[in-house]
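Note that numbering that gives the first Met the number 0 gives residue 144 to position 145 of the sequence shown, counting from 1, and the numbers run on in steps of one.
No residue lacks a Cβ here, since even glycine has one placed at the ideal position from N, Cα and C.
A quick note: this is a predicted structure, and the numbers were derived from the prediction, not measured.
Heads up, the thing below is written out as structure tokens.
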Amino acid sequence: MTHLRTPSYLLQRPSGFYFRYQIPARFRSSVGCNELQLPLHINDTHKAKHISTGMALTLKRTLETAMGTQLTKADLKRIAQHWKTRHLMSMEEDKATARIITPDRHEEQLTSLELLLSDLRERFALNSYADLTEDAFELLSKESYTPTDVQLLTYELAKARLEALEQQTQLYKGKIPTPNTASITAVDDKSYSDALMSTIFETYASEKLRNKDWVEKTQHEHRYALKLLIGFIGDKSVSTISKADILKVKETLVRLPKNITKDKRFTGLSVQEIVDSGISDDYISPTSIKKYLNLISSFIDWCQRNGFIAENPAKGMIPKRKHNSRDERPPFNDADIAAILIHPQISRPETKKPHQFWLPRLGMYTGARIEELSQLHTKDVKELDGIHYIDIKASRPDQHLKNPQSPRIIPLHPSLIEAGFIEYLKKVDQTTPDGLIFPELYKTDGKYSHNVSKWFSRAKKKAGVVDGKTFHSYRHTFADKLRALSTEDYVIKRLMGHATQSETHDRYGSTDIKLLAKAINQISFQ
Numbered sequence: 000m001t002h003l004r005t006p007s008y009l010l011q012r013p014s015g016f017y018f019r020y021q022i023p024a025r026f027r028s029s030v031g032c033n034e035l036q037l038p039l040h041i042n043d044t045h046k047a048k049h050i051s052t053g054m055a056l057t058l059k060r061t062l063e064t065a066m067g068t069q070l071t072k073a074d075l076k077r078i079a080q081h082w083k084t085r086h087l088m089s090m091e092e093d094k095a096t097a098r099i100i101t102p103d104r105h106e107e108q109l110t111s112l113e114l115l116l117s118d119l120r121e122r123f124a125l126n127s128y129a130d131l132t133e134d135a136f137e138l139l140s141k142e143s144y145t146p147t148d149v150q151l152l153t154y155e156l157a158k159a160r161l162e163a164l165e166q167q168t169q170l171y172k173g174k175i176p177t178p179n180t181a182s183i184t185a186v187d188d189k190s191y192s193d194a195l196m197s198t199i200f201e202t203y204a205s206e207k208l209r210n211k212d213w214v215e216k217t218q219h220e221h222r223y224a225l226k227l228l229i230g231f232i233g234d235k236s237v238s239t240i241s242k243a244d245i246l247k248v249k250e251t252l253v254r255l256p257k258n259i260t261k262d263k264r265f266t267g268l269s270v271q272e273i274v275d276s277g278i279s280d281d282y283i284s285p286t287s288i289k290k291y292l293n294l295i296s297s298f299i300d301w302c303q304r305n306g307f308i309a310e311n312p313a314k315g316m317i318p319k320r321k322h323n324s325r326d327e328r329p330p331f332n333d334a335d336i337a338a339i340l341i342h343p344q345i346s347r348p349e350t351k352k353p354h355q356f357w358l359p360r361l362g363m364y365t366g367a368r369i370e371e372l373s374q375l376h377t378k379d380v381k382e383l384d385g386i387h388y389i390d391i392k393a394s395r396p397d398q399h400l401k402n403p404q405s406p407r408i409i410p411l412h413p414s415l416i417e418a419g420f421i422e423y424l425k426k427v428d429q430t431t432p433d434g435l436i437f438p439e440l441y442k443t444d445g446k447y448s449h450n451v452s453k454w455f456s457r458a459k460k461k462a463g464v465v466d467g468k469t470f471h472s473y474r475h476t477f478a479d480k481l482r483a484l485s486t487e488d489y490v491i492k493r494l495m496g497h498a499t500q501s502e503t504h505d506r507y508g509s510t511d512i513k514l515l516a517k518a519i520n521q522i523s524f525q
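Structure (structure tokens):
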């Protein structure tokens with residue numbers, strides 16, 4: 000039996016409990032807000048929960064009586080069709096960008112689809128589609144719904160899923176679905192095109208997470224950018240976003256203080272209220288402003304591609320970067336590197352935090368990004384023809400790379416071998432086989448390197464190294480060393496993870512790794 004989840008109508012603040020009620024999406028334009036918040040003047044948790052639940056039920060009935068009935072069957076069918084449309088869009092995009100496959104591979108895929116289709120038909124006939132209940136809850140999360148609504152929507156989703164898979168199977172057979180069965184064009188439906196930004200964003204985020212385009216930190220950044228957008232112009236229909244709205248966002252971001260989520264002075268204030276308060280004149284940097292504008296523009300770009308808006312009003316309104324990232328993060332010189340290496344935390348290999356000894360040295364001699372190094376497992380260090388190398392790839396769920404060119408192999412410099420890196424790996428592997436090379440690290444904001452980066456920034460400052468240099472400066476230093484040695488450009492690209500597909504031939508070949516090792520072994524620091 001499926002149980003409804005009990006929503007929370009409480010918000011706890013330092014001043015006490017508040018009643019919080021999210022207005023169902025279809026009532027928001029009439030009510031004039033997305034959420035109601037009222038002080039309860041109660042400090043007892045149990046009483047606050049009891050009272051807030053009663054208030055929510057009363058408010059729910061009032062809204063439904065004053066502004067319309069509960070969800071109709073037509074509403075539920077429309078929600079299910081929109082859900083199907085999103086899946087079909089994703090499926091068609093995958094097919095449009097897929098590579099040519101062999102007849103045998105095509106036959107395997109078609110057989111799998113037909114088996115799945117047969118299974119879903121049988122399950123539909125037996126009313127066995129409870130696996131879609133969670134989807135129904137999620138789709139109704141911003142509505143006022145009943146247990147019957149959940150059951151009816153689950154049924155409609157089961158039908159929509161079956162229809163979508165039938166259409167996908169037809170495409171794999173080389174048949175184009177007829178217009179009356181394909182709901183790809185359903186985006187011109189008024190309720191669909193008028194969907195609020197907050198609603199559409201959830202579809203956007205689901206797709207990005209499903210395709211593994213985002214890590215946890217990326218998702219948080221995009222959600223925060225949406226919070227700013229809605230805070231400045233309201234949670235409006237995407238189709239109505241204008242250049243005037245984007246201009247307002249730009250002008251308001253300039254006055255947005257830093258750390259508004261951490262500063263207690265801003266507790267309980269909306270982002271617009273924070274900007275208007277004048278409490279702080281320590282504003283976010285131009286770099287942060289560009290970042291948020293780009294995140295907002297990326298969301299609107301996706302909306303344009305999926306038919307929610309005719310064009311992206313943010314296009315052409317985001318200031319271009321005047322300096323490239325190399326100018327912003329200059330390389331270390333030999334004096335910088337020597338000063339960092341004698342820092343007390345970095346100079347001792349026998350420490351409870353071995354990453355503090357090894358990561359700066361790995362950065363020097365590999366040019367790898369800090370997250371690429373922090374997420375390495377012991378089995379990612381391999382050997383071929385007597386040459387130890389790091390195999391940088393994202394073969395595990397906890398590993399992520401910056402772009403498709405990032406996977407690569409980097410031979411270990413003799414200085415790393417002499418410093419005892421291989422012996423260190425063997426010791427770690429005995430304790431946690433195929434575990435992290437630096438088991439003391441853990442993810443924060445989706446990255447193992449989050450805290451490492453902050454620690455390194457403090458350490459290099461204590462060593463007297465400033466001028467905007469970061470761990471990423473090792474990467475520039477590494478590339479500069481190779482260029483100074485007249486290393487072939489394609490070899491540098493291979494080691495840096497900048498090589499194109501045509502340049503990454505013979506990735507694990509003996510000749511290949513010897514060529515890369517020869518280049519790296521010539522690097523030296525005074």
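| request: Answer with buried or exposed for Leu109, where buried requires no fewer than 16 other C-beta atoms within 10 angstroms of its C-beta. | output: That one is exposed.
| task | Measuring only between beta-carbons, confirm whether Tyr171 sits less than 8 Å from chain D. | result | The structure shown contains no chain D; it is built from a single protein chain.
| query | With a cut-off of 8 Å, do at least 3 Cβ pairs link the stretch 402-419 to the stretch 509-523? | reply | At 8 Å Cβ cutoff, the stretches touch.
| said: To the nearest angstrom, how far is the alpha carbon of Leu530 from that of Leu440? | reply: Lying before the first or after the last residue shown, residue 530 is absent from the chain, which here runs from 0 to 525.
| query | Do Ala224 and Tyr128 have their C-beta atoms closer together than 8 Å? | reply | Not in contact: Ala224 and Tyr128 (Cβ atoms no closer than 8 Å).
| field | Reference Asp262; option with closest CA among Glu250, Asp281, Lys249 and Leu252 | value | Closest in alpha carbon position to Asp262, among Glu250, Asp281, Lys249 and Leu252, is Asp281.
| task | Would you mind giving the Cβ-Cβ distance between Pro312 and Ile245, rounded to the nearest angstrom? I have them listed as a contact below 8 Å. | result | For a cut-off of 8 Å, the C-beta gap from Pro312 to Ile245 is around 5 Å, short enough to register as a contact.
| said: Across the stretch 418-427 and the stretch 287-305, are there enough close Cβ pairs to call them in contact, namely three or more that are closer than 8 Å? | reply: A contact between stretches requires three or more CB pairs, one per stretch, nearer than 8 Å, and the stretch 418-427 fails this requirement with the stretch 287-305.
| For Ser456, which of helix, strand or coil comes out of DSSP? | In the structure shown, Ser456 sits in a helix (DSSP, three-state: H, G or I).
| field | the stretch 144-154 in contact with the stretch 100-119 per 3-pair CB rule at 8 Å | value | With the rule of 3 Cβ pairs closer than 8 Å, the stretch 144-154 does not count as touching the stretch 100-119.
| message | For Lys456 and Thr469, I'd like the C-alpha separation in whole angstroms. | response | Inspection of the sequence shows that residue 456 is occupied by Ser rather than by Lys. Ser456 and Thr469: Cα-Cα distance of roughly 6 Å.
| message | Restricting to Cα atoms, I'd like to know which of Pro348, Glu162 and Tyr20 is closest to Lys59. | response | Comparing alpha carbon positions, the residue from Pro348, Glu162 and Tyr20 closest to Lys59 is Tyr20.
| said: Is it buried or exposed, Asn305, if we count other Cβ atoms within 10 angstroms and call 16 or more buried? | reply: A residue is called buried once 16 or more other Cβ atoms fall within 10 Å of its Cβ, and Asn305 is buried on that count.
| request: Locate the beta strand (DSSP E) running through Leu383, then write down its first and last residues. | output: Note, Leu383: beta strand (DSSP E), Val380 to Leu383.
| message | Excluding the 5 residues flanking Leu151 on each side, which residues of the same chain have their C-beta closer than 7 Å to its C-beta? | response | Answer for Leu151: Lys72 and Leu75, listed in chain order.
| query | Is it buried or exposed for Glu250, if we count other Cβ within 10 angstroms and need 16 for buried? | reply | Exposed is the label assigned to Glu250, since fewer than 16 other Cβ atoms lie within 10 Å of its Cβ.
| query | Going along the chain, which residues of its own chain have a beta-carbon closer than 8 Å to the beta-carbon of Glu34, five neighbours each way excluded? | reply | Arg19, Tyr20, Gln21 and Ile22.
| With 16 other CB atoms within 10 Å as the buried threshold, where does Thr153 fall? | With 16 or more other Cβ atoms within 10 Å, it is buried.
| said: I'd like the list of long-range same chain contacts for Asp335, defined as Cβ closer than 6 Å, with 5 residues on each side in sequence excluded. | reply: If we look at Asp335 and ignore the five residues flanking it on each side, its Cβ neighbours are Val464.
| request: Measure the alpha-carbon distance for Gly467 versus Lys459 and round it to whole angstroms. | output: The C-alpha of Gly467 lies about 11 Å from the C-alpha of Lys459.
| said: How far does the beta strand (DSSP E) with Gly15 in it extend, from its first residue to its last? | reply: Counting along the chain, the beta strand (DSSP E) containing Gly15 begins and ends at Gly15 to Gln21.
| task | Determine the direct distance from the alpha carbon of Arg222 to that of His86, and round the result to whole angstroms. | result | Answer to the nearest angstrom: the Cα atoms are 22 Å apart.
| field | Range of the contiguous beta strand (DSSP E) that encloses Pro38 | value | First-last of the beta strand (DSSP E) with Pro38: Glu34 to Pro38.
| task | Starting from the C-beta of Arg328, find all residues in its chain whose C-beta is less than 8 Å away, skip the five residues before and the five after it, and write them out in chain order. | result | Excluding sequence positions up to five before and after Arg328, its CB lies within less than 8 Å of the CB of Gly467, Lys468, Thr469, His471, Ser472 and His475, all in the same chain and listed in chain order.
| query | In chain order, what residues of the same chain have a beta carbon less than 8 Å from the beta carbon of Ile602, not counting five sequence neighbours either side? | reply | Residue 602 falls outside the range modelled here, since the chain spans only 0 to 525, and no answer is possible.
| request: Starting from Asp390, trace the beta strand (DSSP E) both ways and give me its first and last residue. | output: Segment Ile386 to Ile391, the beta strand (DSSP E) holding Asp390.
| said: Per DSSP, what are the beta-bridge partners of Pro256 in this structure? | reply: Pro256 is bridged to Tyr282.
| said: Going by beta-carbon coordinates alone, are Tyr8 and Ala79 separated by less than 8 Å? | reply: For Tyr8 and Ala79, no; Cβs fall outside 8 Å.
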